[in-house]
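The opening residue of the sequence shown carries number 1 in this note's numbering; numbering runs sequentially from there.
C-beta atoms are modelled at their ideal positions from N, C-alpha and C, and glycine is treated no differently.
None of these values were measured; they are calculated from a predicted model.
Below you'll find the structure, written out as structure tokens, and then a few comments.
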Amino acid sequence: MEDSRLDRFIRRIMAQRDCLNMAAGLISDTSGPIMELGLGNGRTYDHLRELFPAREIFVFERDVAAHPDCIPDESHLIRGDFKDTLPDALARIGAPAALIHGDIGSAFPARDAELADWLGPVLRPLAAPGAVILADRALGEAIWPAEPLPQSVAFGVYFMYRALALH
């Protein structure tokens with residue numbers, strides 16, 4: 001019997017939480033803000049606030065539809081399509097990010113794959129050396145080495161990378 005959509009959702013959300021929790025330890029000595037690509041309903045942003053109370057968290061979102069308690073203030077909310085907002089994001093966030101998280105999946109696999117392929121190179125200059133990059137989709141070409149996932153996360157459910165110093 002194939003997993004239901006609910007089962008797949010639960011597995012992805014648990015993987016997301018476990019990867020974010022692991023990333024918190026991995027970046028403890030890495031300076032920089034947090035970048036959240038996509039606000040959705042705000043649950044992940046809320047979890048990031050719990051994990052990183054002393055860090056600035058910048059959220060990139062095209063259409064804000066989150067719970068009112070889970071919407072960042074206007075100075076930390078960058079509205080618009082990723083293709084318009086990410087290329088110039090460094091000027092807005094002030095320093096390369098210690099953590100970049102993207103929950104970019106949709107019901108359209110071809111569109112998701114195209115976005116993931118585009119994101120990898122665009123995110124590279126936005127990631128501090130030692131930063132963790134997390135995503136629910138593989139980010140195209142291996143610009144960064146894959147980071148081992150938590151034992152609780154099955155291969156292909158979530159993706160974790162570690163940024164190297166730029167050459």
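- When the Cα atoms are used, Gly156 and Leu119 turn out to be separated by approximately 18 Å.
- Between the C-alpha atoms of Phe58 and Val153 there is a straight-line separation of about 26 Å.
- The DSSP-derived three-state label of Ile71 is coil.
- Residue pairing for Ala146: DSSP places it in a beta bridge opposite Tyr161.
- Secondary-structure assignment with DSSP links Leu99 through a beta bridge to Ile34 and Val132.
- Taking the Cα positions, Arg11 is about 10 Å away from Asp3.
- Annotation for Val59: the continuous beta strand (DSSP E) segment containing it runs Ile57 to Glu61.
- Looking at the DSSP output, Ala127 shares a beta bridge with Ala97.
- Sixteen is the threshold: when 16 or more other Cβ atoms of the shown chains lie within 10 Å of the Cβ of Leu126, as they do, the residue is buried.
- In this structure, Ala98 places its C-beta atom within 7 Å of the C-beta atom of Ile27.
- Closest in alpha carbon position to Ile71, among Asp88, Leu51, Ile133 and Gly38, is Gly38.
- Secondary structure note for Arg79: its beta strand (DSSP E) is the uninterrupted segment Leu77 to Arg79.
- Between the alpha carbons of Arg17 and Met35 lies a gap of roughly 16 Å.
- Taking the Cβ atoms as the reference, Leu123 lies roughly 6 Å from Ile133, within the contact range of under 8 Å.
- Burial check for Phe108: the Cβ neighbour count within 10 Å stays below 16, so the residue is exposed.
- Scanning Ala116, Gly105 and Glu147 for the CA closest to the CA of Phe9 turns up Gly105.
- Here His76 is not near Asn41, since their CB atoms are 7 Å or more apart.
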